[in-house]
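Enquirer:
Residue numbers (our numbering): 2 to 236.
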């Protein structure tokens, strides 16, 4: 069940406090938007989505797995959404007053099946604690090269002595999964990885090292030798 709380907050006009990003240039209510982003204390790495009707959409991870910030900038307004596991907050700034209208949604339903953001966070914490590196590999039983890649990356991880987490397409049917015979694979259920574009191609892989997750995944199949070159250069 979801509960909605609507508030109206007024953000005073603050001096320029140094937040700059060329992707965010010329957005409405820029000063108020930057002040809000800085108040959350994150470093942002924005990726831009599809622009339409003079409206740009962007998203960025934060310093916590599963927590993302989304932005929609239209000609006369900017909407910022902070999305966490427990809460979604939307701040709408509209010209000329740039008064923030805030809508908060408490999340009551969290799915804990498969490879979740919580498991991803645990994996990265262990990696940082033990100073280790590894691969998260996404595959689908419906893609032949994807299955081959999953088998090869298992062999490679043992050869190089690195960590490996296998996750598969959440839409995959049970019988093809059984036929593929890829053991120790979990269903893909990480919103954070999905936001990074992990599910746009099967297979895809993403590296982590010393508790740090790469910003973007590497899509597509590489044969064993090429995969070994790529992994060796990254980790």
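The C-beta atom is built at its ideal place from N, Cα and C for all residues, glycine as well.
#1: Looking only at its chain, what residues have a beta carbon closer than 8 angstroms to the beta carbon of residue 60, apart from the 5 residues adjacent to it on each side?
#2: Roughly how many angstroms separate the alpha carbons of residue 162 and residue 128, rounded to a whole number?
#3: For residue 138 and residue 166, I'd like the C-alpha separation in whole angstroms.
#4: So, at 6 angstroms on beta carbons, what are the nonlocal neighbours of residue 87 in its own chain, with the 5 sequence-adjacent residues on each side left out?
#5: According to DSSP, residue 72 sits in a beta bridge with which residue or residues?
#6: Considering just the uninterrupted stretch of the alpha helix (DSSP H) at residue 150, what are its terminal residues?
#7: Can you say whether residue 184 is buried or exposed, counting buried as having 16 or more other CB atoms within 10 angstroms of its CB?
#8: When DSSP labels each residue in this structure, what does residue 122 get in the three-state scheme?
#9: Looking at the secondary structure, which residues open and close the beta strand (DSSP E) in which residue 186 lies?
#10: When the Cα of residue 193 is compared with those of 34, 35, 131 and 84, which residue comes out closest?
#11: Which residue from 63, 64 and 93 puts its Cα closest to that of residue 76?
#12: Please return the same chain residues whose Cβ sits closer than 7 angstroms to the Cβ of residue 205, not counting the five positions on each side in sequence.
#13: Which residue or residues does DSSP assign as beta-bridge partners of residue 210?
#14: Helix, strand or coil for residue 182, going by three-state DSSP, please let me know.
#15: Out of curiosity, what's the CA-to-CA distance linking residue 130 and residue 209?
#16: Determine the DSSP secondary structure at residue 100, reduced to helix, strand or coil.
#17: Per the DSSP calculation, residue 164 is bridged to which residue(s)?
#18: Distance, Cα to Cα, residue 32 vs residue 62?
#19: Just the C-alpha distance for residue 216 and residue 191, rounded to the nearest angstrom, thanks.
#20: Just tell me which of 134, 214, 202 and 157 has its CA closest to the CA of residue 238.
#21: Is DSSP giving residue 220 helix, strand or coil here?
#22: In the DSSP output, which residue or residues are listed as bridge partners for residue 88?
#23: Pick helix, strand or coil for residue 127, following the three-state DSSP scheme.
Expert: By the coordinates alone:
#1: 47, 48, 50, 69, 70, 71, 72 and 196
#2: 13 angstroms
#3: For residue 138 and residue 166, the distance between alpha carbons rounds to 6 angstroms.
#4: 108
#5: 59 and 81
#6: 145–161
#7: exposed
#8: helix
#9: Residues 186–190.
#10: 84
#11: Of the candidates 63, 64 and 93, the one whose C-alpha sits nearest the C-alpha of residue 76 is 93.
#12: 139, 199, 218, 219 and 220
#13: 134 and 213
#14: coil
#15: 13 angstroms
#16: The three-state secondary structure of residue 100, taken from DSSP, is strand.
#17: 135
#18: 21 angstroms
#19: When rounded, the distance between both Cα atoms is 14 angstroms.
#20: In the structure as shown, the chain begins at 2 and stops at 236. Residue 238 is therefore absent and cannot be evaluated.
#21: strand
#22: 107
#23: Look at residue 127 here: in three-state DSSP terms it is helix.
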